[in-house]
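Just remember that this note's numbering sits 9 ahead of the position in the sequence shown, which is counted from 1. Built from N, CA and C at the ideal position, the CB exists for glycine as well. Note that the coordinates shown come from a computational prediction; the quantities given were computed from them, not determined experimentally. Just below is one structure, and these are the notes that go with it.
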Amino acid sequence: MKTLVIGAGTMGHGIAQVVAMAGHPVTLTDVDAAALERARASIERNLDKGVERGKVSAELRQQTLANIVTEPDLERAAAGAELVVEAIVEKLEIKRALFARLEGLVDAKAILASNTSSLPLTKIAEELAHPERVIGMHFFNPVHIMKLLEVVVHAGTSDATRARVLEIARALGKEPIVVRDSPGFASSRLGVVLGLEAMRMVESDVASAADIDKAMELGYKHPMGPLRLTDLVGLDVRLAIAEALHRELGGAQYEPPQILRDKVARGELGKKSGKGFYDW
10 MKTLVIGAGT MGHGIAQVVA MAGHPVTLTD VDAAALERAR ASIERNLDKG
60 VERGKVSAEL RQQTLANIVT EPDLERAAAG AELVVEAIVE KLEIKRALFA
110 RLEGLVDAKA ILASNTSSLP LTKIAEELAH PERVIGMHFF NPVHIMKLLE
160 VVVHAGTSDA TRARVLEIAR ALGKEPIVVR DSPGFASSRL GVVLGLEAMR
210 MVESDVASAA DIDKAMELGY KHPMGPLRLT DLVGLDVRLA IAEALHRELG
260 GAQYEPPQIL RDKVARGELG KKSGKGFYDW
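Below, the structure is given as structure tokens:
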């Protein structure tokens, strides 16, 4: 299964890594050639940590890196792709334009998947000639560790596409869940509410970010607290998702708190900027 991953950010390079670790050739593409260099370096660091901890063999490390090709030109990168996973910016019109272009670059049987965490697949697919092959493959960060894969089906997704993606998910070592295309799907809709409420608690000086996170980690067995998770995802990404859910669903629980808006305005975006609810 030759796979194309579009977007070399945190999610894109993580997806490329797990596909390559499963033994499949993968091409990672991005309009920014420097992002491709950073992505490969990040993958190498992830694998090196795995080797150090005894989770990854030296042989698997080498095979994984050999399975990954980086290519800044989308047309060349798309040649022969059987599965395309898009992991670019969470902007509907940009995704729609990309998927429209992809239809002319890949075989008619290739699956077109989006890693979107909140945007409607129906809208992404509605103007395509073959909307039946469009599906959501929502991975979780860090991709090489998190087991969940949220498979999102819209009304036009074919049974064959759904079945094939579930098969692929399991082959990648993921545990898939199937969710109907609706605002926020399942994971974002629940996770965003928890994260926003944690932010309101910081804003109201209920407790520190670290203690709020510890409450969820120790009291509810969450592997990571909602504020640290927000820092890893990116405060700007969380803000965009919250705004989209608030527009679609209404409800005070989706209204982004002022502390989130202020931090994003100051460029405090989480780990990627060095500061969010924590200093990195």
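- Remark: C-beta atoms of V174 and V160 approach each other more closely than 8 Å.
- I221 is not bridged by DSSP to any residue.
- Per the coordinates, the alpha-carbon of A122 lies some 14 Å from the alpha-carbon of V28.
- Here the alpha carbons of V211 and A90 stand approximately 46 Å from one another.
- Inclusion of L244 and V273 in the CB contact set at 8 Å is warranted, their separation being smaller than that value.
- Boundaries of the beta strand (DSSP E) harbouring T79: 77-79, taken from the DSSP string.
- With fewer than 16 other beta carbons inside 10 angstroms of its own, L258 counts as exposed.
- In this structure R62 is exposed. Its beta-carbon is surrounded by fewer than 16 other beta-carbon atoms within 10 angstroms.
- Rounded to whole angstroms, the separation of the alpha carbons of T79 and F148 is 20 Å.
- Put simply, the backbone Cα of T19 is about 30 Å away from that of G260.
- Under DSSP, T36 shares a beta bridge with L13, V78.
- Contact between the segment 187-195 and the segment 150-169 is present: three or more C-beta pairs spanning the two stretches fall below 8 Å.
- Looking at the DSSP output, P232 shares a beta bridge with no other residue.
- The beta carbon of E141 sits closer than 7 Å to the beta carbons of G165, T166, S167, T170 from its chain, once the five residues preceding and following it are set aside; these are given in chain order.
- Taking all protein chains shown into account, R49 has 16 or more neighbouring C-beta atoms within 10 Å of its C-beta and is therefore buried.
- Distance from the CA atom of A253 to the CA atom of S66, rounded to whole angstroms, is 42 Å.
- Less than 8 Å separates the beta-carbon of G204 from that of T239.
- The alpha-carbon separation between Y287 and G21 amounts to approximately 24 Å.
- Under the 10 Å beta carbon count, A17 is surrounded by 16 or more other beta carbons and is classified as buried.
- With contacts defined as CB atoms closer than 8 Å, N76 and V14 fail to qualify as a contacting pair.
- With fewer than 16 neighbouring CB atoms inside 10 Å of its own CB, Y229 falls in the exposed class.
- Between P265 and A251, the alpha-carbon positions lie close to 6 Å from each other.
- Taking the C-beta atoms as reference points, A195 is found nearer than 8 Å to I186.
- With a cutoff of 8 Å on beta-carbon distance, P81 and L114 are scored as not near each other.
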